[in-house]
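*Asks:* Residue numbers (UniProt numbering): 1 to 333.
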C-alpha cells in the first residue's frame, strides 16, 4: 500500500473511531472505553463501561453496504434463531429510546448496532477441529430448518449470494479478475473455473429445498466456543439468500487447502444429516460450493487489501486457488 493510501485509510479509521465514541455516548455510555477489535466490511469495537464493568460489542456499519431495513432484517432473523431454534446468538441492545439500529449523524451518517458480549473464543485449528465440524454441521442444519419454516416480517429484505451477485454482473466484493496476483495464467485457469461453476450452479438450481436464508459467513472467526459444546454464532452481517451448502463452504474459508478438509467435510455432513436429510446429489456438489466461495474470496482479498487477513493471504491465496481449480476441473477433488 502506498504511503498516501495508508494515510487515507488511517483518516477513515479515525473518523469511524469518532463515530464509535459518539455511538457509545448515545447509548448512554459517555465514559466507556472504546477499543477496536477488527475491521472487515464493518468496524467492530469492544465497549467497556468503567462504572459497571459491563462489556458490550459495537458494530459500526460500512457506508453503502446495507440499508437500515436490511440491518433490521438481519437482526430479526438473529433474534428468531435464538428464540425459536435455540441457536446461541448475541442479544441486540437497544438505545435508551428503544431503537435497535442507531444512526450517528454527521457529514456521512453511519448506522451502528450494539450487541451483548458473548464469552468464548474462535475454535482453534487443532485435533478437536473435526469433532467441532460435526457439531457445526448439526447447528447449521438447525439454522436451515428454521429458515425453511420461518415467516419473516413483510418488510424483510436481504441480498442474494447467487452467481450473479457473487461473481457475475454484481460482483458484490469486486471482480476476481482484479484479485491480487491474478496474472494471465491465473486469469485463464480461474476463467475456466468460473465458467464451470456457473454451469453447475445453473443445473443445480434454486429450488426451496436447496436455496434459502443462510448465514453466509460461518467461518471459524464467527464462532465462539467454550469447552466442547455447541458454538455461539456471531456476525450475521452477510446473511442473505443463497444455497444451503454455501454455509459449509464458508466454514472452510481460508483453509480449503488444509489436508484435513475431506475429513472436515465428512464430519460436517454427518452432523447435518443427524438433524435433517441431505440428498446424495446435493452432497456431490460440495466441492462446487467450496470453489465458488474460494473464487469469491480471491475477489474479496483484491478489494480489501487494507484488512489484515487479506494482506496476509495476498497473491499466495490466488496461487493456491489456481492449484485447487486445476484439481476441481480435472475431477480430482
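Just so you know, even glycine gets a beta-carbon here, dropped at the ideal spot from N, CA and C.
Residue range of the alpha helix (DSSP H) that residue 243 falls in?
*Replies:* For residue 243, no alpha helix (DSSP H) segment is defined; the enclosing uninterrupted segment is the beta strand (DSSP E) at 240-243.
*Asks:* Three Cβ pairs or more, each shorter than 8 Å: is that satisfied between the segment 205-214 and the segment 236-252?
*Replies:* yes
*Asks:* Sorted by chain position, which residues of the same chain lie with C-beta nearer than 8 Å to residue 123's C-beta, five sequence neighbours on each side aside?
*Replies:* 129, 132, 220, 223, 225, 231
*Asks:* Among residues of its own chain, excluding the 5 on either side of residue 293, which ones have a beta-carbon nearer than 7 Å to its beta-carbon?
*Replies:* Result list for residue 293: 246, 249, 250, 253, in chain order.
*Asks:* How big is the Cα-Cα spacing for residue 139 and residue 260?
*Replies:* 20 Å
*Asks:* Would you call the segment 308-316 and the segment 211-219 touching, i.e. three or more CB-CB distances under 8 Å?
*Replies:* Between the segment 308-316 and the segment 211-219 there are fewer than three inter-stretch CB-CB distances shorter than 8 Å, so the stretches are not counted as touching.
*Asks:* Closer than 8 Å is the cut-off here; do at least three beta carbon pairs connect the segment 259-277 with the segment 59-73?
*Replies:* Pairwise C-beta distances place the segment 259-277 out of contact with the segment 59-73, as fewer than three of them are shorter than 8 Å.
*Asks:* Who are the near neighbours of residue 290 in its chain, counting only those whose CB is closer than 7 Å to its CB and skipping five residues on each side?
*Replies:* 249, 252, 256
*Asks:* If you reduce the DSSP assignment to three classes, tell me which class residue 278 lands in.
*Replies:* coil
*Asks:* Excluding the 5 residues flanking residue 172 on each side, which residues of the same chain have their C-beta closer than 6 Å to its C-beta?
*Replies:* If we look at residue 172 and ignore the five residues flanking it on each side, its Cβ neighbours are 165.
*Asks:* Mind checking which residues open and close the beta strand (DSSP E) that includes residue 115?
*Replies:* 110-116
*Asks:* Please classify residue 6 as buried or exposed, where buried requires at least 16 other C-beta atoms within 10 Å of its C-beta.
*Replies:* Here residue 6 scores only 47 on pLDDT, less than 50, and its place in the model is too uncertain to base an answer on.
*Asks:* Do you know how far the Cα of residue 155 is from the Cα of residue 168?
*Replies:* 27 Å
*Asks:* Mark residue 50 as exposed unless 16 or more other C-beta atoms lie within 10 angstroms of its C-beta, in which case mark it buried.
*Replies:* exposed
*Asks:* Nearest to residue 37 by CA position, among 77, 45, 193, is which residue?
*Replies:* 45
*Asks:* Of the choices 19, 229, 101, whose alpha-carbon is the least far from that of residue 113?
*Replies:* 101
*Asks:* Hey, residue 295 and residue 178: beta-carbon distance below 8 Å or not?
*Replies:* no
*Asks:* Report the three-state DSSP secondary structure of residue 141 (helix, strand or coil).
*Replies:* Correct three-state label for residue 141: helix.
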